[in-house]
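*Asks:* Here it is: the structure, laid out below.
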Amino acid sequence: MLVLKKFAKDKPAVLGLIIVLIVIFVAIFAPLLAPYPGDVSASHLLRRLKPPTWAYPFGSDNLGRDIFSRVILGTRGALMIATTVVGLAMVIGVPLGLLGGYYIGWGSEFIMRVTDMFLAVPQLILALALAQLMTPSIESAMLALTLTYWPFFTRIVYAETRRLKNALFIDALQCMGASVPRILFLHILPNCISSIIVRATIGMGFTILMAAVLGFLGMGATPPDPDWGLAISESRQYLPDSWWFATFPGLAIFFTVLGFNMLGDGLRDIVDPRLRRSR
Amino acid sequence: MLRFILRRVLLAIPSLFGLLVLTFFLVRVVPADPATALAGENATPAQIAAIRHEYGFDQPLYKQFVVYLGQVARFDFGESAYSRRPVSLDIKQRLPATLELTITSLLLGTFLGIPLGTIAAVYHNRWPDITLRILSVAGVAIAAFWFAIELQLLFSMELDWLPLRGRLSSSMDAPPLVTGFMLIDSLLAGRWDAFTDTLHHLILPAMTLSLGGLATIARFTRAGVLETLQRDFVTYARAQGVPSRVLIWKYVLKNSIVAALTQIGLLFGGLIAGAVVVETIFDWPGIGFYTVQAILTADYKVILGVTVVIGVIYAAVNILVDLIHGLVDPRLREQL
Amino acid sequence: MSAPLLDIQTMRLSVKTDEGMAQILDHVALTLPRGRILGLVGESGCGKSTLVRAVLGILPRGATVDSGHILFENEDLLRLSEQELAKRIRGSRIGFIPQDPYLALNPVFTVGDQLLSVMRWHAPAPPGVTGRRARMRHHRERLVELLRRVQIPEPEAVLDRYPHQFSGGQRQRLMIAGALACSPRLVIADEPTTALDVTTQLQILKLLKSLVAEFDISMLFVTHDFGVVAQLCDDITVMYAGQTVESGPTAAVLADPQHPYTQALLACHPDRAQSLLGIPGRVPSPLNAPPGCRYAPRCPHAIDDCTRRAPHFAETGAGHLVNCRLAETQPEAA
């Protein structure tokens, strides 16, 4: 309860939570909320590149599709990519971190070296290279992003496990003969949960940004997906006349990422007492 | 000092080696048949076999890796399948453009971010702090490619204040090549017109690229200053009547800068990744643009070469940051 | 008797916290005559440090002085602006020796840089010395002289060293030199020996005692240790939970403590404790503190009136003041 009270006091974090909830709501009910849900694949060449009006609040794109509807529909893809990537990265990264932190030896040393190696390459370049190995599609973009994001989870869980490993209660468990998986998953993991949640929240924002970049560079979503990054890429030919074409999908990315980041920052302040003090 | 550098360089070798293994693995082992990919869709089996032989794909993997290591050691990455020029030459010509862009952005981010972060910390929880906090969260949430396009829309297309793309106006003769840094070269040649033209071209890309770094540096400086302000020596200095202006901008800042410095080292990787996007949008003839081209055309020699160069730069920057660390913090200096 | 150098009366101060206003100081009174050493004694958290900060004008944000005055050389420090305090009080007329010499020096600047920067702002230069260069050279010479006086070996070389290259005792000597550097009238020492080991403690105390006479200064010595007070101080002021409970000449207070808290505290001191029992009960929270004596809930002699009665000092001997209901009736009885 104290945590909730503290969170409620942190206005940016609450604002972030509200944005995130709105985004999730929009994603779930996208087909109902979008005025022209058919505009995922339809084209209306007669009303192409029209500036915003009441009927088409964000204007229309090069195929005459309603950008407002496509921004709403794009929420689904963005969230879907982000949750899949972060979820998979967690599934890969967390157990590796637990193992690497708990055991000492060449095996854990190897895990951590590989982790460091992945962290040493700029994530975007690695994701681009990985995505290129597969045919450009949302799936390969997600896989590439997963492969670049898991080391972050490994790092935090590793550090936490190393710290806890020598704690008295772990000693006691070992003496009582608790099995290693039991110790790892029932006793150490719950202690890492808060930092994992913080990292995952920030990772959501980061992944949405990265997915947008991949889409923009033509390595992610393919037409006619209502992907935000892809839309901005398509808009470039029609600038500066059709400013709305690029602007609104970009704003959608901005607010979504902003929401996740503010929420993540707020959560981190609660979890990490050292940083909390500096607020 | 020299021993410190040497030790850091030696320490960087394993991770660079790991990087080589990783990239080698990614471009040569993972794809089913790189030769087929290289030859294109309409190649005959004979052509594919020729390419396979030319690139050494018919050799055992470990031999390929050893050959590759030898090439890397000589900075010889072979010939680009796309431009038909030696990769090392391409990199040599393009790297200064990228460095000019990234260093400008880093300087912009540092020299704006540190004062802004400090001001925010001094006015903790009052309006300058709140404004900066909002801006810094926003700064890392903006997609760089979108921000770049919006900047182009406003400053190039709508207001026509700044050039849209490129490094130098096409009507302008390039200054004689000395360092490859256009700003320096034009000054060396005494070409004031080329200097201002380059500067104009640099503004929008550097603004885009520095955005995320600026926000991060400001945030970390703020956190560092806030932490330092609670330390006993600040109270002592105040109690001894050191004016607050001197206290903050001299004594506190030097302590707080350590945290921000570490971030600058980490940021450089992000800047290089950012350069990939920014260079694509602004047609900046650097290695970021080059990398995207290579990735899109599966030009694997270029990918390998660029990765190695980026890895080396990244390691060098981190060693440099450690050195500066030592200069700032006398307790670390003894380890130098 | 001339006016005291430092005179604090009816000082009340509160700090805004998450849970409400906390009354940190409540009717604090303290008098320091010229040329003497006053020991300010109390448990940790009793408001000693806050009082010191109030004198120096470096209170944390959220703290407000509700009433009272701090007269220093007949000037009320509470009425001075931050600029005036920084310019002509802190460092220049009041020197400060911090509690923990390990933490009080900035680790990334040389000792000379830090000590000289204080002198640069505050130290007077003799009439003949003009120009920035000459002034700094003069300051440097004076600082070296002081360092030699506080028994720091190789004083010239020391200026270019960093804080981590000194031992705790040496650092505290540096701090003492720093406090004296600008020829202050008053030196405030905030538990200057707590962080040091016992032998070093003794040396530092001896040094301080000799310096007070030599430099013609007065000293406010904050501590929680009666033993230190007995060795060093001429006068003593005891604080409890933000209130001054007793003050007077050291010998008188130690020999014949009047306030039940002073009595209990002295009984607890390891040198003379009959048992290892502490004082029963807890220090009250400064939040919503009752108006009367804050020791009343723990006091064996307390009556109902104690929690209602406003603090008031009664003189039980020459200069010996006690803030207690019991003491008010004693003069007649004695």
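Chains as they are written, first to last, in this note's numbering: chain A, 75 to 353; chain B, 208 to 543; chain C, 5 to 338. We treat Cβ as the ideally placed atom computed from N, Cα and C, and that holds for glycine. Here the structure is a predicted model, which means the values were calculated and not measured.
Would you say C/Leu36 and C/Pro8 are within 9 angstroms of each other, going by their C-beta atoms?
*Replies:* Contact flag set, yes.
*Asks:* Determine the DSSP secondary structure at C/Ala113, reduced to helix, strand or coil.
*Replies:* In the sequence under discussion, the amino acid at residue 113 of chain C is Phe, which differs from the Ala named in the question. Coil, per DSSP.
*Asks:* Buried or exposed, going by whether 16 or more other CB atoms sit within 10 Å of the CB of A/Ile335?
*Replies:* According to the sequence provided, residue 335 of chain A is Asn. The question's Ile does not apply to it. Flag for A/Asn335 reads buried.
*Asks:* Quick one: is C/His305 buried, meaning 16 or more other Cβ sit within 10 Å of its Cβ, or exposed?
*Replies:* Under this definition C/His305 is an exposed residue.
*Asks:* Would you mind listing the beta strand (DSSP E) stretches within the stretch 110-196 of chain C that are 3+ residues and don't spill past its ends, in chain order?
*Replies:* Counting whole runs of 3 or more residues, the stretch 110-196 of chain C contains the beta strand (DSSP E) stretches 190-194.
*Asks:* Counting contacts by CB-CB distance shorter than 9 angstroms, is A/Pro314 in contact with chain B?
*Replies:* Yes, A/Pro314 counts as interfacial toward chain B.
*Asks:* Between the beta-carbon of B/Ala505 and the beta-carbon of B/Ile494, is there less than 9 angstroms?
*Replies:* Not closer than 9 angstroms, so no.
*Asks:* Which residues in the same chain have their Cβ closer than 8 angstroms to the Cβ of B/Gly320, if we skip the five residues on either side of it in sequence?
*Replies:* These residues qualify, in order along the chain: Gly420, Leu421, Ala422, Thr423, Ile424, Ala425, Thr428 and Ala467.
*Asks:* Helix, strand or coil for C/Phe225? Go by DSSP, reduced to three states.
*Replies:* Three-state result, C/Phe225: strand.
*Asks:* Curious, which full-length alpha helix (DSSP H) runs of at least 4 residues does the stretch 245-331 of chain B contain?
*Replies:* For the stretch 245-331 of chain B, whole alpha helix (DSSP H) runs of length 4 or above, ordered along the chain, are 252-262, 268-280 and 294-329.
*Asks:* At what residues does the alpha helix (DSSP H) containing C/Tyr265 begin and finish?
*Replies:* Taken as a continuous stretch (DSSP letters only), the alpha helix (DSSP H) holding C/Tyr265 covers Pro264 to Cys272.
*Asks:* Using a Cβ-Cβ cut-off of less than 7 angstroms, list which residues of the stretch 361-374 of chain B approach chain A; keep chain order.
*Replies:* Per Cβ criterion, the list reads Met364 and Glu365.
*Asks:* CB C/His76 to CB B/Ala446, shorter than 9 angstroms?
*Replies:* The sequence shown places Phe at residue 76 of chain C, not His. Taking 9 angstroms as the Cβ cut-off, C/Phe76 and B/Ala446 do not qualify as a contacting pair.
*Asks:* Name the two residues that bound the continuous beta strand (DSSP E) containing C/Pro253.
*Replies:* Per DSSP, C/Pro253 belongs to the beta strand (DSSP E) from Gln247 to Pro253.
*Asks:* Report the rounded CA-to-CA distance for A/Ala82 versus A/Met293, giving the unit in angstroms.
*Replies:* In a straight line, the C-alpha of A/Ala82 is about 40 angstroms away from that of A/Met293.
*Asks:* When burial is assigned at 16 or more other CB atoms within 10 Å of the CB, is A/Glu213 buried or exposed?
*Replies:* Exposed: under 16 other Cβ atoms inside 10 Å.
*Asks:* Between B/Leu276 and B/Leu227, is the Cβ-Cβ spacing less than 9 angstroms?
*Replies:* It is a contact, given that the beta carbons lie within the stated cut-off.
*Asks:* Using a Cβ-Cβ distance cut-off of 9 angstroms, determine whether A/Gly277 contacts chain B.
*Replies:* For A/Gly277, the answer is no, since every Cβ of chain B falls outside 9 angstroms of its Cβ.
*Asks:* Leaving out the 5 sequence neighbours to the left and right, which residues in its chain are closer than 8 angstroms to C/Gln207 when beta-carbon positions are compared?
*Replies:* The residues are Gly173.
*Asks:* Put C/Leu34 into one of helix, strand or coil per three-state DSSP.
*Replies:* DSSP places C/Leu34 in strand when its eight states are reduced to three.
*Asks:* For chain C, check one thing: does any of its Cβ atoms lie closer than 9 angstroms to the Cβ of B/Gly448?
*Replies:* By this cut-off, B/Gly448 is an interface position.
*Asks:* So if DSSP puts C/Ile98 in a beta bridge, which residue, or which two residues, is it bridged to?
*Replies:* Answer is C/Arg94 and C/Leu190, bridged to C/Ile98.
*Asks:* Would C/Gly46 pass as a contact of C/Val216 if the rule is Cβ separation under 9 angstroms?
*Replies:* No, they are not a contact pair.
*Asks:* According to DSSP, simplified to helix, strand and coil, what is B/Gln437?
*Replies:* Here B/Gln437 sits in coil by DSSP.
*Asks:* Closer than 8 angstroms is the cut-off here; do at least three beta carbon pairs connect the stretch 162-180 of chain A with the stretch 438-457 of chain B?
*Replies:* Not touching, per the Cβ criterion.
*Asks:* Just the C-alpha distance for C/Pro290 and C/Ser18, rounded to the nearest angstrom, thanks.
*Replies:* Rounded to whole angstroms, C/Pro290 to C/Ser18 spans 9 angstroms at the Cα level.
*Asks:* Just to make sure I have the definition right: I need the residues of chain C whose C-beta is within less than 7 angstroms of the C-beta of B/Asp439. Which are they?
*Replies:* Near B/Asp439 (Cβ distances below 7 angstroms), the residues of chain C are Pro102, Asp104, Leu107 and Ala108.
*Asks:* Taking all protein chains shown into account, do 16 or more other C-beta atoms lie within 10 angstroms of the C-beta of C/Lys20, making it buried, or fewer, making it exposed?
*Replies:* Label assigned to C/Lys20: exposed.
*Asks:* Hey, does C/Lys91 have any beta-carbon neighbour from chain B nearer than 9 angstroms?
*Replies:* It does; some Cβ of chain B falls within 9 angstroms.
*Asks:* If you drop the 5 nearest sequence neighbours on each side, which residues of the same chain put their C-beta closer than 8 angstroms to that of B/Lys508?
*Replies:* Excluding sequence neighbours, B/Lys508 sits near Phe284, Gly285, Glu286, Ser287, Ala288 and Val294.
*Asks:* Which chain B residues sit within Cβ distance under 8 angstroms of C/Ile62?
*Replies:* Those are Thr442, Arg445 and Ala446, listed as they occur along chain B.
*Asks:* Under the rule that 16 or more other beta-carbon atoms within 10 Å means buried, what is B/Asp297, buried or exposed?
*Replies:* Classification for B/Asp297: buried.
*Asks:* Indicate whether at least one CB of chain B lies closer than 9 angstroms to the CB of C/Glu86.
*Replies:* Closer than 9 angstroms to some Cβ of chain B, the Cβ of C/Glu86 qualifies, so yes.
*Asks:* At what residue ranges does the stretch 84-127 of chain A contain a whole run of the beta strand (DSSP E), taking only runs of 3 or more?
*Replies:* Counting whole runs of 3 or more residues, the stretch 84-127 of chain A contains no beta strand (DSSP E) stretch at all.
*Asks:* Specify the secondary structure class of B/Leu158 as computed by DSSP and reduced to three states.
*Replies:* Outside the displayed range of chain B (208 to 543) lies residue 158 of chain B, so it cannot be described from this structure.
*Asks:* Tell me which residue opens and which closes the alpha helix (DSSP H) that B/Ile337 is part of.
*Replies:* Counting along the chain, the alpha helix (DSSP H) containing B/Ile337 begins and ends at Trp334 to Ala348.
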